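Report on one structure; see the data block that follows.
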Amino acid sequence: MDIRAEEISRIIRSQIEGFDAQVDVAEVGTVISVGDGIARAYGLEKAMAGELLEFSGKGDSVMGLAFNLEEDNVGIIILGSSNSIKEGDTVKRTGKIMSVPVGPQFVGRVVNALGMPIDGKGPIAAAAFNPIERIAPGIVDRKSVHEPMQTGLKSIDSLIPVGRGQRELIIGDRQTGKTAVAVDTIINQRETGVICIYVAIGQKASTVAQVVKTLEANDAMKHTIIVSATASDPAPMLFLAPMTGAALGEYFMHHGKDGQPASKDNAGGHVLCVYDDLSKQAAAYREISLLVRRPPGREAYPGDVFYLHSRLLERACKLSDERGAGSLTALPVIETQAGDVSAYIPTNVISITDGQIFLESDLFNAGVRPAVNVGISVSRVGGSAQIKAMKSVAGTIKLDLAQYRELAAFAQFGSDLDKATQAQLNRGARLVEILKQGQYQPMPVEKQVVSIWAATNGYVDDVPVAKVRAFESEMIAYLDVNAPELLRGIKESKTLSDDAKAQLKTQVAAFKESFVASLSAPAGA
Ligand SMILES: Nc1ncnc2c1ncn2[C@@H]1O[C@H](COP(=O)(O)OP(=O)(O)OP(=O)(O)O)[C@@H](O)[C@H]1O
Ligand SMILES: [Mg+2]
């Protein structure tokens, strides 16, 4: 057989041309420095922002998150212990954007910021992995907020109503009952089928344990997931925890009860996410950003801390019917210093959310609990998140309270007051009493409506202020026994019909007679 030289060279040439080396140096890098939970690696040219990277040091492999992509190196947040990582170690790309396990099995569990169980109840079977960052649903995929997300707190449900899919900020100084509002709201979802996710960021482990215990005691853990990154966890965990919470919530919003993707015929779930609190996430983000040498801005926070929070909170939404009409409601919490809402992070989050619930130390110490300042708290969704019955009684109380606040300021001077002014002051003082509520006692909406109706219609005007709360609770107990169908009617029809009002009038008048009689009766009689 004769082999021609040019043929051989042609084959060799084509083989050389077709030779495609699979060795890609950009997939593996080398650690050039490590410290403070941050590593820098050289040679990861193709790494994506937010990509999961794997360190291959001694012992267990440690994961990292590509955080800063620079011209000749990558700044990596180390997720775990950095003790085993040293200079010269290799770092591998995984090609995956960081994701966390999600699914229905997570309900009732306590997990860390990476979605790993930390309650000692064994592993959790994941239904899927969701990326921690996800582009929020667009305008077409959304619907306006129109269903109530009852908190069970009279002062909030009547005056600052929250709707499913809304973002409502809870803001206040330390120890003003911020967590209490969130926990009461979670407890109030017992019968609603709403899945609650409580993300604890930078709190003491004992405080988180207390929340878990409270929820268990109130039969509320069975619809709740706790994501915990405590004060002793490294800053990256505090930074990631809210996003992990949102990723867990999105699973339920986008899936029906059967675990299939939500659609027109398969309704998506309703989710409530509490981020307690975002000030600590911002501080953790500042810490990491300064360590990777991003330039500090106002209050030394990096310039994109606003973007961090807006990305997170935009993920709360009410989906359109085509997408299954699920919802994710966000209740972010922000802690202020000495009531200063004009600091950087508070103003940012105020401007991102659809309203805010202001809690004040002065009110809290004066015994007004929940310490909501109803004058400056707002909900931009407003009445569309209330049932008709509540809307009809809430209008009056809003006006009465506003007048009361105005007059109370003048009345301090102790000048003689005319009768009408005196009456308004009396009414206001009693309305403030009616809005007070103990912890872990969320109230069903029909009972809230009845309480507020009685107060705004003058039934408590002649009850001593100190007795108003007793009057209210006894009245509710009386109606529970004597007119349960009336309460049920309000609950089911969601309205306060003229007929119901007439019935209420006779029932409340009858109750009042016995209450007044018991007041004037001598003690022990
Ligand atoms: N409605 C209420 N009635 C009575 N006590 C309450 C009420 N709400 C909260 N408290 C009490 O006030 C204290 C502070 O409440 P909470 O822990 O919710 O405040 P916080 O603002 O979350 O505090 P921190 O800044 O420490 O996170 C707790 O001891 C709680 O039991
Ligand atoms: Mg708290």
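The sequence shown begins at 382 in the numbering used here and counts up one residue at a time. Virtual Cβ for every residue (Gly too), placed ideally from N, Cα, C. Every value quoted in this text rests on a predicted model; they were computed, and no experiment measured them.
Closest to residue i by C-alpha separation, out of the options, would be which residue?
i: alanine 883; options: Ala864, Ser895, Ala898 and Leu900; result: Ala864
i: glutamate 549; options: Phe852, Ala847 and Ala766; result: Ala766
i: alanine 665; options: His651, Leu689, Asp646 and Cys654; result: Leu689
i: serine 832; options: Leu782, Leu812, Glu703 and Val844; result: Leu812
i: serine 899; options: Gln888, Ala851 and Lys872; result: Ala851
i: aspartate 646; options: Asp799, Asp797 and His636; result: His636
i: arginine 692; options: Asp702, Asn729 and Ser414; result: Asn729
i: leucine 425; options: Val455, Met444, Ala590 and Glu435; result: Val455
i: aspartate 880; options: Asp657, Ala770 and Thr777; result: Ala770
i: serine 742; options: Gly558, Thr471 and Ala612; result: Gly558
i: alanine 835; options: Met856, Val846 and Gly431; result: Met856
i: valine 443; options: Ser465, Arg555, Met429 and Ala428; result: Ser465
i: valine 366; options: Asn746, Leu806, Gln737 and Ala801; result: No answer is possible for residue 366: it lies beyond the span of the chain, which begins at 382 and ends at 906.
i: isoleucine 541; options: Lys779, Gly416 and Ile393; result: Lys779
Thinking C-beta only, is residue j closer than 7 angstroms to residue i?
i: glycine 546; j: valine 526; result: yes
i: glutamine 531; j: aspartate 538; result: yes
i: alanine 422; j: valine 409; result: no
i: isoleucine 458; j: proline 617; result: yes
i: aspartate 735; j: valine 762; result: yes
i: glutamate 450; j: methionine 479; result: In the sequence as displayed, the identity of residue 450 is leucine instead of glutamate. No; because the gap between Cβ atoms is not below 7 angstroms, this pair is not in contact.
i: arginine 667; j: alanine 517; result: no
i: valine 830; j: valine 774; result: yes
i: alanine 622; j: valine 562; result: no
i: proline 823; j: glycine 533; result: yes
i: valine 608; j: valine 492; result: yes
i: lysine 661; j: leucine 596; result: no
i: tyrosine 725; j: glutamate 787; result: no
Consult DSSP for residue i and reduce its assignment to one of helix, strand or coil.
i: glutamate 873; result: helix
i: serine 899; result: helix
i: valine 488; result: coil
i: glutamine 803; result: helix
i: serine 609; result: strand
i: glutamine 591; result: helix
i: valine 562; result: helix
i: glutamate 597; result: helix
i: alanine 906; result: At alanine 906 the pLDDT is 45, less than 50, meaning the model places this residue with poor confidence; the figure from the coordinates comes in the next sentence. Residue state, collapsed to three classes: coil.
i: glutamine 396; result: helix
i: proline 727; result: helix
i: phenylalanine 791; result: helix
i: serine 742; result: helix
i: glutamate 911; result: Since the first and last residues shown for the chain are 382 and 906, residue 911 lies out of range.
i: alanine 386; result: helix
i: glycine 630; result: helix
Ignore the nearest five residues each way along the sequence and tell me which others in residue i's own chain have a CB closer than 6 angstroms to its CB.
i: tyrosine 785; result: Gly809
i: lysine 886; result: none
i: glutamate 827; result: Leu868, Ile871 and Lys872
i: alanine 906; result: Note on alanine 906: pLDDT 45, under 50, position unreliable in the model; no value is reported.
Less than 8 angstroms between C-beta atoms, sequence neighbours within five positions excluded: which residues of the same chain meet that for residue i?
i: valine 483; result: Gly496, Ala507, Ala508, Ala509, Phe510, Asn511, Ala628, Leu629, Glu631 and Tyr632
i: glycine 418; result: Ile458, Ile459, Ser463, Pro615, Ala616, Pro617, Ile669 and Leu672
i: isoleucine 757; result: Phe739
i: lysine 535; result: Ile815, Leu816, Gln818, Met824, Gln829, Ser832 and Ile833
i: proline 498; result: Arg490, Val491, Val492, Pro504 and Ile505
i: alanine 719; result: Asp554
What residues in its chain sit with their C-beta under 7 angstroms from that of residue i, if we drop five residues either side in the sequence?
i: asparagine 599; result: Ile568 and Tyr821
i: glutamate 853; result: Ile815 and Ser832
i: alanine 663; result: Tyr682, Val686 and Ile726
i: lysine 893; result: Tyr840
What are the complete beta strand (DSSP E) segments, minimum 3 residues, inside the segment 637-671? Qualifying beta strand (DSSP E) stretches, in chain order: 651-657.
Suppose only complete runs of 4+ residues qualify. What are the alpha helix (DSSP H) ranges in the segment 809-888, listed by chain order? Whole alpha helix (DSSP H) segments, 4+ residues: 826-837, 849-863 and 865-874.
What are the uninterrupted segments assigned as alpha helix (DSSP H) that are 4 or more residues long and contained completely in the segment 677-729, given in chain order? 686-695
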